[in-house]
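In our numbering, the protein residues as written are 28 to 297.
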């Protein structure tokens, strides 16, 4: 695989600290989490409904590809096995889509689905791209897995050009069914109290969620990280039981109740 254009020549994708080891802001998983995310049994893809909605939002934001104009550079940060990027590529035809992930196992699988996938970490300078070179970033179901989401947003802010688009998706702590579960004293869906097994909530699969957001919290977090929030939309969750799926789709009309939050933000122009 060739090195993608506009990458940094002075930054190692695996770098996890500032020079000299000072002021460490490491968003790569600690050893226990590294083992967890490198386990092939751990899911690295989500439902395609969210991916398609997110890509269509970005396609509308970027506008049509004009003859003779350069293609937009879109980074799919945390691309996993490439399924989401491959789905998004249908709506983003004509643009240059590069997948980035920390997990070597995920990258091996992504290479079979997307033309370019490279290793990178969400640390200070850990993404192998020069500052201000990306037109857009897809950041799908990643932020809820991070030890240091603040450092991650700083790094996304760095690689985006001023006015560049950030399309972030994450599970909604205040999804319509989670409100009912909490009233009943049940642990909300998406939340986890152990990395070994599920305790006190519906479902059987541990996926490594460390942080969860409501629509209000996500809006505030993005704004404090140097982004202007354009819109927060909702998307359905693919694991909702079939009889409840019409209700889950209807909840997307009120993003604060939706299963998945889709945030469109832009890097502020300094």
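Beta carbons are placed, not taken as given, at the ideal position from N, Cα and C, and that holds for glycine.
- DSSP places residue 240 in the strand class (E or B) of the three-state scheme.
- When DSSP reads this structure, residue 292 sits in a beta bridge with 193, 256.
- 107 is the residue among 286, 271, 107, 257 whose C-alpha sits nearest the C-alpha of residue 145.
- In terms of Cβ geometry, residue 216 and residue 195 do not form a close pair [threshold 8 Å].
- Burial check for residue 297: the Cβ neighbour count within 10 Å stays below 16, so the residue is exposed.
- DSSP places residue 78 in the uninterrupted alpha helix (DSSP H) bounded by 75-89.
- In the displayed model, residue 277 falls within a helix according to three-state DSSP.
- With respect to residue 193, residue 292 sits close: the two C-beta atoms are nearer than 8 Å.
- Only residues of its own chain outside the window of five on either side were considered, and among them 78, 82 have a CB closer than 6 Å to the CB of residue 115, listed in chain order.
- Here the stretch 143-158 makes contact with the stretch 174-189; the two share three or more CB pairs at distances below 8 Å.
- Note on geometry: alpha-carbon atoms of residue 230 and residue 266 lie some 9 Å from one another.
- Judged by DSSP secondary structure, residue 181 falls within the alpha helix (DSSP H) whose first and last residues are 176-186.
- No residue range can be given for residue 152, since it is assigned to no alpha helix (DSSP H) and is classified by DSSP as neither H nor E.
- For residue 160, there is no enclosing beta strand (DSSP E), since its DSSP letter is neither H nor E.
- Per DSSP, reduced to three states, the secondary structure at residue 247 is helical.
- Residue pairing by DSSP places residue 130 in no beta bridge whatsoever.
- Excluding sequence positions up to five before and after residue 190, its CB lies within less than 8 Å of the CB of 293, 294, 296, all in the same chain and listed in chain order.
- Sequence-distant partners of residue 76 (beyond 5 residues in either direction) whose C-beta falls short of 8 Å from its own C-beta, in its chain, are 262, 263, 265.
- The beta carbon of residue 209 lies closer than 7 Å to those of 215 in the same chain, with the five residues before and after it left out.
- Assigned with DSSP and collapsed to three states, residue 140 falls in coil, not helix or strand.
- Per DSSP, reduced to three states, the secondary structure at residue 261 is strand.
- Around the beta-carbon of residue 127, 16 or more other beta-carbon atoms lie within 10 Å, marking it buried.
- For residue 89 against residue 163, the beta-carbon gap comes to about 7 Å, under 8 Å, which counts as contact.
- Taking all protein chains in view, the Cβ of residue 247 is surrounded by fewer than 16 other Cβ atoms within 10 Å, so the residue is classified as exposed.
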